[in-house]
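Residue numbers (this note's numbering): 19 to 254. This report concerns only the one structure given below.
Right under this line is the structure:
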């Protein structure tokens with residue numbers, strides 16, 4: 019590419035994905051195979067130039083959207099319409115019940131909650147994921163998920179999001195409540211420095227401010243707005 023090792027690797031990776039898709043066609047199983055192409059977290063900007071970039075705030079290992087917002091592409095010929103764009107909330111936790119539903123098991127979550135024998139073992143566990151097959155296949159335009167909890171890599175809850183459809187609205191408002199924030203600007207300092215717990219959580223409207231810029235920059239009405247809308251914390 020002439021743009022460096024990282025760009026070369028992406029081009030090579032793209033070719034390998036194409037080879038995989040061609041092989042599915044060659045084997046005659048493409049129509050019966052679900053292909054998911056996604057990633058597990060946002061970019062590590064400190065490894066630049068061998069790293070991705072994101073328009074969202076911050077990067078991996080923070081509480082900000084740049085750590086959690088990732089793209090995903092899904093292909094299932096005859097079931098998922100090509101070229102469709104889905105903006106509903108979807109978590110990596112949703113893939114297990116969704117893929118189980120795709121193969122005909124829509125009760126796995128309920129059965130595991132009560133206790134289910136699989137093979138020679140009994141499992142009793144709560145699954146945080148939701149079956150999103152109706153969303154992917156166009157049966158509904160509403161996500162089965164209206165909440166998301168942001169945990170850091172120490173297992174601490176640092177933020178939460180909940181979507182609610184306000185009166186006379188057609189699309190949900192996405193409220194994000196930040197309980198602890200990573201204040202390091204970027205780079206390895208994000209991994210080195212601890213989160214700062216907030217005495218009063220911050221509130222973001224991710225529909226109006228998807229890049230979480232409200233509290234950045236010169237003095238504005240953002241803090242006043244947070245004070246006036248503190249009830250949103252308790253609603254969440």
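We put the beta carbon where it would ideally sit given N, CA and C, even for glycine. As the structure is a computational prediction, the values presented were derived from the model and not from experiment.
Relative to the alpha-carbon of residue i, which residue among the options has its alpha-carbon at the smallest distance?
i	options	result
residue 179	223, 149 and 134	223
residue 87	99, 183, 105 and 97	105
residue 148	155, 135, 98 and 163	163
residue 154	29, 21, 33 and 54	54
residue 57	102, 109, 44 and 186	109
residue 177	127, 219 and 84	219
residue 233	201, 159 and 99	201
residue 114	145, 165 and 103	145
residue 211	185, 247, 172 and 98	172
residue 157	45, 28, 90 and 102	102
residue 23	50, 140, 221 and 66	66
residue 76	215, 249 and 203	203
residue 152	99, 185 and 195	99
residue 95	230, 221, 216 and 47	47
residue 246	165, 229 and 221	221
residue 181	174, 249 and 166	166
According to DSSP, is residue i helix, strand or coil?
i	result
residue 105	coil
residue 19	coil
residue 223	strand
residue 148	coil
residue 93	strand
residue 259	Given that the chain is displayed from residue 19 to residue 254, the structure contains no residue 259 and the question cannot be resolved.
residue 33	helix
residue 155	coil
residue 99	coil
residue 129	helix
residue 164	coil
Just grab the DSSP bridge partners of residue i for me.
i	result
residue 141	134
residue 169	175
Verify the contact flag: residue i, CB atom, against every heavy atom of the ligand ADP, threshold strictly below 7 Å.
i	result
residue 174	Absence of the ligand ADP is noted for the structure shown, with no ligands found whatsoever.
Exercise. Evaluate contact between the region 65–79 and the region 129–137, counting only Cβ atoms and requiring at least three cross-stretch pairs below 8 Å.
Key: Segments in contact, no.
Quiz item: What are the complete alpha helix (DSSP H) segments, minimum 4 residues, inside the region 40–90?
Solution: Counting whole runs of 4 or more residues, the region 40–90 contains the alpha helix (DSSP H) stretches 83–86.
Quiz item: Does the region 183–198 come within contact of the region 216–235, defined as at least 3 CB pairs closer than 8 Å?
Solution: Result yes; three or more Cβ-Cβ pairs closer than 8 Å.
Self-check item: Ordered list of beta strand (DSSP E) runs contained in the region 171–247, each at least 3 residues
Solution: The qualifying runs are 175–182, 191–199 and 214–223.
Practice problem: Take every Cβ of the region 58–66, pair it with every Cβ of the region 115–124, and state whether three or more of those distances are shorter than 8 Å. | Solution: Segment contact: the region 58–66 against the region 115–124, fewer than three CB-CB distances shorter than 8 Å; contact not assigned.
Quiz item: Looking at C-beta atoms only, is the number of pairs between the region 236–246 and the region 202–213 that lie closer than 8 Å three or more?
Solution: They do not touch, by the three-pair rule.
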